[in-house]
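If you read the sequence shown in the numbering used here, its first letter stands for residue 166, the second for the next number, and so on. Take a look at the structure set out below.
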Amino acid sequence: MPPHVFAKLGGDQLAYVRPVASEDLATMFPDAPEVAPGLKLWALLAADGSPILIADSRDAAVANAMSNDIHAVSVH
Numbered sequence: 166m167p168p169h170v171f172a173k174l175g176g177d178q179l180a181y182v183r184p185v186a187s188e189d190l191a192t193m194f195p196d197a198p199e200v201a202p203g204l205k206l207w208a209l210l211a212a213d214g215s216p217i218l219i220a221d222s223r224d225a226a227v228a229n230a231m232s233n234d235i236h237a238v239s240v241h
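And the structure:
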């Protein structure tokens, strides 16, 4: 399956959660405010890698996904 087809699986109903260092936040979320360096944050990303939200805990990212009827999976 080509990567662009694979990325569209799940559409708006599937996303993944992964840890993000605060230093990398501006790259993934260009509109995010500045955050202190050295923090471990959690990103919720669409199946195609598009950023949805950033949270201070994995549980908060998953809870937000659930409240928006999005099934969140972890990236290893």
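We put the CB at the ideal spot given by N, CA and C, even for glycine.
Ranked by Cα distance from S215, the first of N229, F194 and G203 is F194. The Cβ atoms of V227 and R183 do not sit closer than 8 Å to each other. DSSP lists A208 as the beta-bridge partner residues of I219. Separation of the CB atoms of L210 and A180 is rounded to 6 Å, and the pair is thereby assigned contact status at 8 Å. Taking the Cα positions, A191 is about 25 Å away from S232.
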